[in-house]
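J.: Quick one: this structure, given as structure tokens, is what I'll be asking you about.
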Amino acid sequence: MRRVIVLTGGFGSGKSEIAINLALSLAVKEKTALVDLDIANPYFRSREVRHFLAEQGVKVIVPRDEWLDADLPILSPGLRSLLLDTSIRVVLDVGGDEIGATALGVYQADFNKIEHHLLMVVNPFRPYTRDPDRIAVMCREIERTSRLKMNGIISNPNLGQATELNHVLWGHEIVVQAAEKLSLPILGLGVLANRLEQWRSQLTETITNTVKHFDLMQPLPLIPIHIYLLPEWLKSRPSSCP
């Protein structure tokens, strides 16, 4: 994985949770920053856990305090210099709508100077990514608006805490079809951390088949997803969706 990792995807794809989990795992071994560039979505943004991330050693780049909760296209300060700083790993959490992709495009010249991966997180249980055609449309729109090339897909089929194994297996197959349509590799499969061990044996066959299908050179990682962005009013509901 390259030094700068850009995670994008539609509302409800789980990209912010994956960005947080990735930043935390990287920070164990190396200097890591998480940039919240999800500038238009007021819900479930990585900035909501900025203090926790800082305690874990992750440098968090968010808008200034007075604009932190604004539903406005406010770009995070210091991003340009951070992108060019080769001493730090950078994870960007970017909205997958037109506004988010446009914000990403502001930094196109900087991205062209550095090694990076632009990855699309896909949850086929969300309205705009329910089938391969719609996933492909969103991917191409992100590329067009950001003026950057997508490098791969993170498969993240889930219904929050209501997720069952059959949901993951069915949803992942939709993502595989979309990836084939886009000629993009699938680079990981997100699974709720509290279900991973229970489902590991069944999922191993699925990821093995995916690796063979795309002729990948290394195993497709199962990504354990710990939920950090569940609001208080949902925590008491056992079947809630993050």
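First residue of the sequence shown: 1207, per our numbering; consecutive thereafter.
By construction, the Cβ of each residue, glycine as well, lies at the ideal position given by its N, Cα and C atoms.
1) Give the single residue among Pro1333, Asn1364, Leu1324 and Phe1331 whose Cα lies nearest to the Cα of Arg1346.
2) Keeping to the same chain, check which residues put their C-beta closer than 6 Å to that of Glu1304; ignore five residues upstream and five downstream.
3) If contacts are defined as beta-carbon pairs under 8 Å, then Leu1290 and Ala1239 qualify, I think. What distance do you get, rounded to the angstrom?
4) Quick check on DSSP: helix, strand or coil for Ile1341?
5) Which whole-angstrom value describes the C-beta separation of Tyr1313 and Arg1286, a residue pair presumed to lie in contact below a C-beta threshold of 8 Å?
6) Would you list the residues sitting across from Gly1358 in a DSSP beta bridge?
7) Rounded to the nearest angstrom, how far is the Cβ of Pro1391 from that of Gly1377, given a contact under 8 Å?
8) Report the residue from Val1374, Ile1341 and Gln1404 whose alpha carbon sits nearest the alpha carbon of Thr1214.
9) According to DSSP, which residues form a beta bridge with Arg1295?
10) Could you tell me the distance, in whole angstroms, from the CA atom of Arg1209 to the CA atom of Gln1408?
11) What's the C-alpha gap between Arg1353 and Tyr1434?
12) DSSP three-state label for Val1312, please.
13) Could you give the distance in angstroms between the alpha-carbon of Asp1242 and the alpha-carbon of Val1266?
14) DSSP beta-bridge partners for Gly1396?
15) Mind checking Thr1369: buried by the 16 CB within 10 Å criterion, or exposed?
16) With a Cβ-Cβ cutoff of 8 Å, do Pro1338 and Ile1380 count as a contact?
17) Quick check: what's the CA-CA separation for Ile1224 versus Val1343?
T.: Let's see:
1) Leu1324
2) Thr1351
3) Contact flag wrong, Cβ pair sits at about 12 Å.
4) helix
5) 7 Å
6) Leu1325
7) Not really, about 18 Å apart at Cβ, beyond 8 Å.
8) Ile1341
9) Thr1238
10) 32 Å
11) 31 Å
12) coil
13) 8 Å
14) Ile1429
15) buried
16) yes
17) 22 Å
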